[in-house]
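Keeping their order, the protein sequence lines are chains A and B.
Here the first sequence is numbered in this note's numbering, starting from 1 and rising by one per residue.
Here the second sequence is numbered in this note's numbering, starting from 1001 and rising by one per residue.
Reading through the structure tokens given below for one structure.
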Amino acid sequence: MRNSVSNFIKEINMSLVIAQNLAKDYHVGEISIAALNGLSFEIDPASFVSFVGPSGSGKTTLLNLIGCLDKPTEGTLTVAGTDVASLNRRQSAVFRGANIGFIFQDFNLIPVLTVYENIEYPLIMVQDVPLAERKERVMKLLEAVGMADQKDKYPDQISGGQKQRVAVARALVTNPGLVLADEPTANLDHKTAYMIIELMKKMQDEFKTTFIFSTHDQKIVGEAEIIYTLEDGRIAGKQVKGGANNG
Amino acid sequence: MGNLFKIAIRNLRRYRRRTILTASLIAIGVLFVLVFVAVSGSFKNMIIGQITDSMLGHIQIHRKGYVASIDNLPLTLNMKAQAVAKLEKTFQGIPEITAYSPRIKFGGMFSSFTETTNIRLNGVYPDKEFKTVPLLASRITEGEKAIRKGEVVIPELIAKGMKLNVGDTIVIIATNKDGSVNGKQLRVGGILESATGPGGRDGYLHIEDAMEILRMDEMEISEIAIRLNNFNKLHSIFNTLNGLLSNELNKQGKPVFEVHTWEGLSPFFNIARMIDIMTFFIKLMLIAIVLVSIMNVMIMAVYERIREIGTISAIGTMPGKILSMFLIEGFCLGVFGAVIGNAAGLIIVLILKAAKITFEFGRQTGFVLLPTIDVSDIIVVSLIVIGVAIIGSLQPAFKASRMEPIKALRHV
């Protein structure tokens, strides 16, 4: 599903993510809080995009909407040609499994599975890929993220940076068109954080996958090709590497 | 499916202490149920065996109305030879009937010439009687294990009370159905151990002696006791007999015969039923133990793994698979507890069997407790435990599968 949709999107030169007047309100009792307020943007396939901004600016909310984990209050959001707001719970799960990979701030590896099994998990539980193909894909990614020699270790036996490498591999193993990473370096030291961003860029080059990540780390932000700055739920700026396009 | 089991087992190992505690609780429940079932079943079967094999037989057939007046041993409600012949013909068509014994039951006066008492007697064909109630011979504690013509086997209470021994001469006097009194001098051929239950203190004599005492020209039978080759077929044979004999009607169009299993004739059946009810409640307690333990553990498991559930849900795991994951975890816990409980239960039962504990029932002593566990008991108890474990996991598993990934991922 991913290959066909993503290739089709690339072929017709269409944006992978299209947001128009996207808004998301949260209700705390009778008080309504606008987390996102009329966002419009487009993200092309195989791009490396970052959303930056202070805490509460709406980065996580936006990534949750793009990742079909939440629904917008207003506006439209199209991901890989699908109006994700119209998907029900089950359809959302299927869509995520086929099109989106996730990298979490806390790595979120399954503690009872080894490094190998964590990467293999989506291929078994989500995509039902045959054993031989699973092995090939997992080993390829283990090599790519430099974790092949650690494949039999459990998450509590490896470092934070290694966990995030495994998380990157797990996000890519289903060949998604889009990988979403919410503050992927927040729990890592600076050197390791930089290595993870470099790894993500390498993967983007190698697998032609779109990476969208959120961060508030200014040193890492610079690694993105396109940087959107969020403030109070609005896009306060867009910076394209090699030129600036504010607003 | 294999991967779901792998994850479930690893999660159980992850919380090892909790898993061991819960499995132990389930195992203790299983152990108690199995030991109780084995011991109570052994007691029940032993007493039923004693009652049916030494006195009652498995099934009895009487003339309609006899059992209602059985305490009086009414000679007017005996079955005529023609009716008995009909019954014998019916028995020939039922291969499960291995033996039957026609009996003339009557009450009389028993005199040792110096003392007199009353006695209940069974006139029997010895061969047929010993085949139908094989433990009767073992109850004859003194004298030859036989019922001969001209002899009477008397209950030990009468023998002791009247200071009678084997070989002593006694007189039995009885009134026949026409009201005339007759007596016959007999020799004490044996002394019979008392048994708990109806007929447990009756004496025995040859059927021809009984006919002579009662001045019967033609044989009239009070009851026919039947033995089956398989006690487990009791109710099906009872139904067959009942069906066949219900067609036998008298001139008033009413049934001629009445058929009873031992259950309808012995008060021990109520004790047996009480044991069954207690077993049922013990099983209910096991269900409660398993249900509460598993639910508690699975609720904790879900609560502790909310972020994990959010993660696997976010990466596209379908709710059904998340549900299965937790159900399998509960299933494995149930299997684990059941296996340990069954093993421990078997060991305890073997120890009890080896200990050869004896007990008394009524006037009978020296019953050796021989608890046994049927494979069916193990299967039933295991299925209950595993089934309840799955049911107990259902609510937490359902909750996990319905969890919104976004909320689960935010959980701290």
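Glycine residues also receive a C-beta, built at the ideal position from the N, C-alpha and C atoms.
Terminal residues of the alpha helix (DSSP H) in which residue i lies
i       : result
M1046/B : 1016-1051
L194/A  : Position check: residue 194/A holds Tyr in this sequence, whereas Leu was assumed. Y194/A -> alpha helix (DSSP H) spans 190-207.
Y1204/B : Here Y1204/B belongs to no alpha helix (DSSP H); instead the beta strand (DSSP E) covers 1203-1206.
N1296/B : 1268-1304
P1371/B : Looking at the DSSP string, P1371/B is not in any alpha helix (DSSP H), and its letter there is neither H nor E.
H1062/B : Here H1062/B belongs to no alpha helix (DSSP H); instead the beta strand (DSSP E) covers 1059-1063.
T1090/B : 1081-1092
S1324/B : 1319-1355
R1215/B : Taken as a continuous stretch (DSSP letters only), R1215/B belongs to no alpha helix (DSSP H), as it is neither H nor E.
Distance between residue j and residue i (C-alpha atoms, nearest Å)
i       : j       : result
V238/A  : I18/A   : The sequence shown places Lys at residue 238/A, rather than the Val named in the question. Their backbone Cα atoms lie some 15 Å apart in a straight line.
Y228/A  : Q218/A  : 12 Å
N3/A    : F102/A  : Low confidence applies here, because N3/A scores a pLDDT of 49, under 50, leaving its location unreliable; read the following figure in that light. Rounded to the nearest angstrom, the two C-alpha atoms are 17 Å apart.
I1347/B : G1341/B : 10 Å
L22/A   : L65/A   : 9 Å
F41/A   : Q20/A   : 7 Å
K1283/B : S1040/B : 13 Å
G53/A   : I1312/B : 28 Å
Q16/A   : A1301/B : Sequence check: residue 16/A is Leu here, not Gln. Using only the alpha carbons, I get a separation of about 38 Å.
P1267/B : I1048/B : 11 Å
A1338/B : V1030/B : 6 Å
I119/A  : E133/A  : 13 Å
S32/A   : F95/A   : 29 Å
G247/A  : D189/A  : Only weak support exists for where G247/A lies, its pLDDT of 44 falling under 50; the coordinates are left without a value.
A1085/B : A1225/B : 15 Å
M1/A    : A98/A   : Any reading at M1/A must be qualified, since the residue scores a pLDDT of 45, below 50, and its modelled position is unreliable; the value itself is stated next. If you take the alpha carbons of M1/A and A98/A, they lie about 6 Å apart.
N1230/B : E1142/B : 31 Å
H1058/B : I1094/B : 14 Å
R1402/B : N1296/B : 19 Å
E1258/B : G1065/B : 8 Å
Boundaries of the beta strand (DSSP E) in which residue i is found, first to last residue
i       : result
M1109/B : 1097-1111
D70/A   : Counting along the chain, D70/A falls outside any beta strand (DSSP E), and DSSP gives it neither H nor E.
Q1185/B : 1181-1192
F41/A   : 31-43
G75/A   : 74-79
Y154/A  : Looking at the DSSP string, Y154/A is not in any beta strand (DSSP E), and its letter there is neither H nor E.
L230/A  : 226-231
T22/A   : A small fix is needed here, since residue 22/A is Leu in this sequence, not Thr. Looking at the DSSP string, the run of the beta strand (DSSP E) that includes L22/A is 17-28.
I1173/B : 1169-1175
V49/A   : 48-52
T1141/B : 1140-1143
Residues near residue i by beta carbon distance below 6 Å, same chain, minus five either side
i       : result
H1411/B : I1306, R1307
L1409/B : G1310
L1394/B : none
G1183/B : V1171, I1173
A244/A  : The pLDDT assigned to A244/A is 49, lower than 50, so where the model puts this residue is not dependable, and the model offers no usable value.
E223/A  : I197
D1377/B : V1037
Residue i CB to nearest heavy atom of the ligand PLP below 7 Å
i       : result
D1374/B : Absence of the ligand PLP from the depicted structure is noted, as is the absence of any ligand whatsoever, leaving it without description.
Same chain, Cβ closer than 8 Å to residue i, five either side skipped, listed in chain order
i       : result
R165/A  : V145, G146, M147, I196, L199
I1154/B : F1110, I1119, L1164, I1170, V1188, G1190, I1191, L1192, G1203
Y154/A  : P111, V112, L113, T114, V115
E1144/B : G1189, G1190
D1217/B : none
Partners in chain A for residue i, counting only beta-carbon separations shorter than 7 Å
i       : result
P1432/B : Shown here, chain B extends from 1001 to 1412; a query on residue 1432/B therefore has no answer.
E1308/B : I110
Chain-ordered neighbours of residue i on chain A, where CB pairs are closer than 8 Å
i       : result
K1321/B : M125
I1007/B : I110, V112, L113
7 Å Cβ shell around residue i - same chain, five flanking residues per side excluded
i       : result
I171/A  : Looking at the sequence provided, one finds Ala at residue 171/A rather than Ile. So the qualifying residues of the chain are G101, F102, I103, V179.
Q162/A  : M147, Q150
I43/A   : S15, L16, V17, V49, T210, I212
A186/A  : Q105
R1148/B : G1189, H1206
E1384/B : Note that residue 1384/B is Ile in the sequence shown, not Glu. Taken in chain order, the residues that qualify are K1283, L1286, I1287.
Partners in chain B for residue i, counting only beta-carbon separations shorter than 8 Å
i      : result
V94/A  : G1316, M1318
G177/A : Residues of chain B passing the Cβ test: none, with the nearest at roughly 13 Å.
Beta-carbon neighbours of residue i, restricted to chain B and to distances below 9 Å
i      : result
N21/A  : In chain order: nothing, as chain B lies at least about 22 Å away.
G233/A : Within 9 Å Cβ-Cβ: nothing; G233/A doesn't reach chain B, min ~17 Å.
Contacts of residue i in chain B (Cβ-Cβ under 7 Å)
i      : result
P122/A : I1315, G1316
C-beta neighbour in chain C for residue i, strict 8 Å
i       : result
I1328/B : Absence of chain C from the displayed structure is noted, the protein chains being A and B.
- Task: Could you please tell me which residues of the stretch 53-67 of chain A, in chain order, have their CB closer than 8 Å to any CB of chain B?
- Result: N64, G67
- Contact residues within the stretch 198-224 of chain A, judged by C-beta distance below 7 Å to chain B: none
- Message: Residues of the stretch 21-52 of chain A in Cβ contact with chain B at a cutoff of 8 Å, in chain order, please.
- Response: none
- If you measure beta-carbon to beta-carbon, which residues of the stretch 1014-1028 of chain B are closer than 8 Å to chain A? R1014
- Residues in the stretch 70-82 of chain A having any Cβ partner in chain B nearer than 9 Å: D70
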